[in-house]
Amino acid sequence: MTTPLHDQAIQHAIEAVILAADACRRVQQRRITPQTLEKRDKSPVTVADFAAQALVCHHLAENASVTAVVGEESADALRSEDEAATRAAVTEEVSESLGIECSEENVLGWIDRGSAAIEPGKGTYWTLDPIDGTKGFLRREQYAVALGLIEDGRVVLGVLACPNLEMPDAPGTGTLLAARRGQGVIRYSLAEDGSLDAHDLRATDDTTPRFCESVESAHSDQDQAAAIAQRIGITAPPYRIDSQAKYASLAAGLASVYLRMPTRPGYREKIWDHAAGSIVVEEAGGTVTDILGKPLDFSLGRELTANRGIAASVDFDHASIINAVTSVATLPSE
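To get this note's numbering, take the position in the sequence shown, counting from 1, and add 343.
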C-alpha cells in the first residue's frame with residue numbers, strides 16, 4: 344500500500360492502525376451483545392484495547408525504524424489468573440488478525456512494548472491510544488485508534504482511524520486521516536475489509552459554524568462551552584461525539600470548534616489523547632492550543648503538564664475563542 348504522502352513511517356503507521364481498527368470492529372460486532380450491554384460488561388472493550396495495542400506494537404517492531412511506543416496500557420493486568428479468560432480472548436483476536444497462532448506470552452510481550460521509557464523532550468517515539476473513547480465503543484458509536492510520532496517533543500506524524508465515523512460523501516464506511524508535519528493531511532474512507540479510498544479533505548459544503556464536544560459531561564464542562572459558543576456567535580446545536588473523532592470531524596469540515604474544558608482540579612491531558620488528532624487538525628489548516636491559547640507542549644513526558652484543556656478550530660477565528668474562554672470560563676484549581 345502506498346499513499347500520496349510518500350513516507351515510509353506513515354505507511355507503517357497506517358498499516359498498523361488498520362490492523363488495530365479491523366480487530367476493534369470485529370470485537371465490537373462479536374462480543375458486544377444485549378447481555379453485555381444490560382450487565383454493563385466492559386470486557387469487550389478491554390479485549391479490543393489490548394488486542395489493538397498488541398497489533399500496533401508488533402507491526403511497528405517488525406517494520407518501522409522507530410519501535411519505541413508510549414501507550415496507555417501495559418500487560419500487567421492480564422497476567423493474573425483472574426484474567427485468564429480475557430488473556431485468552433485477546434490472544435485469539437490477535438491471532439486472527441495476524442493469521443497465525445500466537446502464544447499468550449508473545450501477545451503480552453507485544454502489549455508491553457507500549458510501555459517504553461522516554462526522556463522528556465528528547466528522542467523519537469510513537470504514542471498510542473489503542474481505543475480512544477471506550478464508552479463510545481461500548482455503545483457501538485464513536486471511538487478512534489490514534490497513533491502519533493513525536494520527535495524531540497514535537498508531533499511530526501499522526502494517523503487517526505475512526506471505524507464508525509461516516510462522512511457525508513462516504514456513507515457506510517469509517518474514516519482514516521493521515522498527517523505528516525509540513526506535508527498536509529489525507530482523508531480516506533475506511534471500508535470493512537480495511538481498504539482505503541482517498542477523498543477531498545472537506546466532506547461537506549455546509550459551512551455553518553458548529554461546536555464539537557464530548558458526549559460525556561464528565562470529560563468537558565458543557566455549560567461553560569455553551570456560554571463560550573454564544574459569546575463567539577455559534578448558534579447551531581453542538582456536535583457531540585466521543586474520542587479523537589472530534590479532531591477528524593474538524594479536519595473534514597463537520598465542525599468548526601472543539602473545546603475540552605477542564606472539569607477536575609489538577610487534571611492534565613495525556614499525550615496519546617491528542618498527539619494524532621492535533622497534527623491532523625493543524626495540517627488541515629487549523630489551530631490547536633490549550634484553552635488559554637498556549638501551544639500544546641509534548642516535550643514534558645506522558646502528560647501535557649504545561650497545558651489546560653484543549654481548544655481546536657478550523658476556518659474560525661481562534662483568538663476569539665480564547666478571548667471568550669478568558670471572559671466566560673471559571674476553571675477548576677490547578
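Ideal Cβ positions, reconstructed from N, Cα and C, are used throughout, including at glycine.
Supposed close pair residue i, residue j - CB separation, criterion 8 angstroms
i	j	result
residue 619	residue 502	6 angstroms
residue 416	residue 375	19 angstroms between Cβ atoms; not a contact.
residue 533	residue 547	With a Cβ gap of about 18 angstroms, residue 533 and residue 547 do not count as contacting.
residue 474	residue 352	Not a contact, Cβ separation roughly 23 angstroms.
residue 651	residue 674	7 angstroms
residue 601	residue 556	7 angstroms
Cutoff 6 angstroms; reference residue i; Cβ partners in own chain excluding five residues on either side
i	result
residue 399	359, 363 and 471
residue 440	362, 366 and 398
residue 623	501, 503, 520, 522, 528, 590 and 594
residue 430	421 and 447
residue 368	506
Beta-carbon contacts of residue i that lie in its chain and below 7 angstroms, excluding the five residues immediately before and after
i	result
residue 658	599
residue 406	355
residue 636	665
residue 625	631
residue 445	434, 437 and 438
For residue i, the three-state DSSP class (helix, strand or coil)
i	result
residue 542	strand
residue 620	helix
residue 603	strand
residue 571	helix
residue 656	strand
residue 382	coil
residue 555	strand
residue 412	strand
residue 452	helix
residue 578	coil
residue 564	coil
residue 465	coil
residue 508	coil
residue 663	helix
residue 590	helix
residue 420	helix
residue 493	strand
residue 483	coil
residue 425	helix
residue 440	helix
residue 369	helix
residue 646	strand
residue 608	coil
residue 344	At residue 344 the pLDDT is 48, less than 50, meaning the model places this residue with poor confidence; the figure from the coordinates comes in the next sentence. The answer is coil: DSSP assigns residue 344 none of H, G, I, E or B.
Beta-carbon proximity of residue i to residue j, cut-off 7 angstroms
i	j	result
residue 499	residue 461	no
residue 607	residue 653	no
residue 575	residue 667	yes
residue 486	residue 496	no
residue 639	residue 463	no
residue 605	residue 577	no
residue 434	residue 448	no
residue 468	residue 411	yes
residue 488	residue 432	no
residue 629	residue 656	yes
residue 641	residue 443	no
Cβ shell of residue i (< 8 angstroms), same chain only, five flanking positions each side left out
i	result
residue 384	378
residue 345	Confidence at residue 345 is low in this model, with a pLDDT of 49, below 50, so the placement of that residue is unreliable and no value is reported for it.
residue 579	551, 552, 553 and 554
residue 465	495 and 496
Any non-hydrogen atom of the ligand FAD within 6 angstroms of residue i CB
i	result
residue 532	Because no ligand of any kind appears in the structure shown, any question about the ligand FAD cannot be addressed here.
Self-check item: Segment contact flag, the region 581–592 with the region 480–498, C-beta cutoff 8 angstroms, min 3 pairs
Solution: yes
Are at least three pairs of beta-carbons, each pair with one atom in the region 511–518 and one in the region 538–551, less than 8 angstroms apart? yes
Hey, is the region 608–618 in contact with the region 566–579, meaning 3+ C-beta pairs nearer than 8 angstroms? no
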